[in-house]
Amino acid sequence: MEHLIVNNTKIEYEVRRSTRAKRLNIRIKQDKVMVSVPQGVTVTEAKRFVEAKRDWILKHVLDWRSQNQQRQKKYVTGETFLYQGRSYPLFTRGVAGRTITVKFTGDCFWVELPNTVPQEDWPPIVKEALFKWYRVQAKRVFQERLDYFARIMGLLYNRLVIKEQKTRWGSCSSKGNINLNWRIILAPAEVLDYLVVHELAHLRYMNHAPEFWNLVGEYVPDYPIWRKWLKDNASQLRYDGL
Numbered sequence: 000m001e002h003l004i005v006n007n008t009k010i011e012y013e014v015r016r017s018t019r020a021k022r023l024n025i026r027i028k029q030d031k032v033m034v035s036v037p038q039g040v041t042v043t044e045a046k047r048f049v050e051a052k053r054d055w056i057l058k059h060v061l062d063w064r065s066q067n068q069q070r071q072k073k074y075v076t077g078e079t080f081l082y083q084g085r086s087y088p089l090f091t092r093g094v095a096g097r098t099i100t101v102k103f104t105g106d107c108f109w110v111e112l113p114n115t116v117p118q119e120d121w122p123p124i125v126k127e128a129l130f131k132w133y134r135v136q137a138k139r140v141f142q143e144r145l146d147y148f149a150r151i152m153g154l155l156y157n158r159l160v161i162k163e164q165k166t167r168w169g170s171c172s173s174k175g176n177i178n179l180n181w182r183i184i185l186a187p188a189e190v191l192d193y194l195v196v197h198e199l200a201h202l203r204y205m206n207h208a209p210e211f212w213n214l215v216g217e218y219v220p221d222y223p224i225w226r227k228w229l230k231d232n233a234s235q236l237r238y239d240g241l
């Protein structure tokens, strides 16, 4: 991993050789900087190219860091959290007993904690409780949609695996396992349906040939809309404070 210092800010970047790249190219995803280097270009030349773009790189990285900092949650009453494409307010309260519970009313989240826990200690407990709640809901909802589409598509899968993947929303293994990122539960239900059909379609076509997309479109005709939505909102889903 290479790095450069711009105005006392250290920015790391990764240099990758690419057989498809026709020219030097810099891509920034969140605060990750990747440099694609075509054949015939030396690493030294790539570093000079990065240095020439240092101000542009700094601006984009700092913009993302600022936005990400604003998104950081404190897990207190009044904050909002995503669930199936909508934002809902969070309320916390102390109750008698020893159990920590998360309740979703359809209009808001309630997290109840034992009165014996000091309020200053609530935020990390609330965060963990919400995280577990989301995982449980993801398992339930994903299973329902996966079984529904598998049935109408006439396809058999092995099992559903819920993961937190940093760069992928879903995958289909050669063993027929469907892997889905739990954070899709934050997105609109239509995004989940597109993703489920996408991965099930790989049971028939382990590529992205036209036949594959035709199959996806047969069951989710407006999939281009939700595919674009997922691309445009990936950062929010991955960095919504959870």
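First residue of the sequence shown: 0, per numbering that gives the first Met the number 0; consecutive thereafter.
Glycine is no exception: its CB is placed at the ideal position from the N, C-alpha and C atoms.
Tell me the rounded alpha-carbon separation between residue i and residue j.
| i | j | result |
| --- | --- | --- |
| Y218 | R150 | 12 Å |
| V34 | P113 | 51 Å |
| L145 | V215 | 14 Å |
| I56 | E143 | 43 Å |
| K131 | A45 | 44 Å |
| T100 | V125 | 9 Å |
| Y193 | T43 | 43 Å |
| E13 | V36 | 10 Å |
| R257 | F211 | With the chain covering only 0 through 241, there is no way to say anything about residue 257. |
| T91 | L129 | 11 Å |
| A137 | E1 | 38 Å |
| L155 | Y133 | 26 Å |
| E50 | A208 | 39 Å |
Between which residues of its own chain and residue i is the CB-CB distance below 8 Å, once the five residues before and five after are set aside?
| i | result |
| --- | --- |
| T79 | S86, Y87, P88 and L89 |
| D221 | E189 |
| K73 | P122 |
| E163 | N180, W181 and R182 |
According to DSSP, simplified to helix, strand and coil, what is residue i?
| i | result |
| --- | --- |
| K31 | strand |
| T79 | strand |
| N6 | coil |
| K102 | strand |
| N213 | helix |
| P113 | strand |
| K162 | strand |
| L129 | helix |
| P220 | coil |
| L89 | strand |
Excluding five sequence neighbours on each side, which residues of the same chain lie with their C-beta closer than 7 Å to the C-beta of residue i?
| i | result |
| --- | --- |
| H59 | I27 |
| V40 | L23 |
| H201 | C171 |
| M152 | L199 and Y218 |
So, for residue i: in the same chain, excluding its five sequence neighbours on each side, which residues have a beta-carbon less than 6 Å away from its beta-carbon?
| i | result |
| --- | --- |
| Q83 | A188 |
| F48 | L23 |
| D54 | none |
| K102 | W109 |
Find the nearest neighbour of residue i within the set the options, judged by alpha-carbon distance.
| i | options | result |
| --- | --- | --- |
| N7 | T41, L61 and P123 | L61 |
| A326 | N206, L185 and M205 | One cannot answer for residue 326 here, as it falls past the ends of the chain, which runs 0 to 241. |
| V110 | G77, F141, R139 and D192 | G77 |
| D106 | A95, Q118, P117 and L81 | L81 |
| F141 | R15, Q118, G169 and A128 | G169 |
Check the C-beta distance from residue i over to residue j and give it rounded, since I have them as a contact under 8 Å.
| i | j | result |
| --- | --- | --- |
| N178 | V196 | Their Cβ separation, rounded to whole angstroms, is 15 Å, which puts N178 and V196 out of contact at 8 Å. |
| L236 | R182 | 5 Å |
| N176 | N157 | 5 Å |
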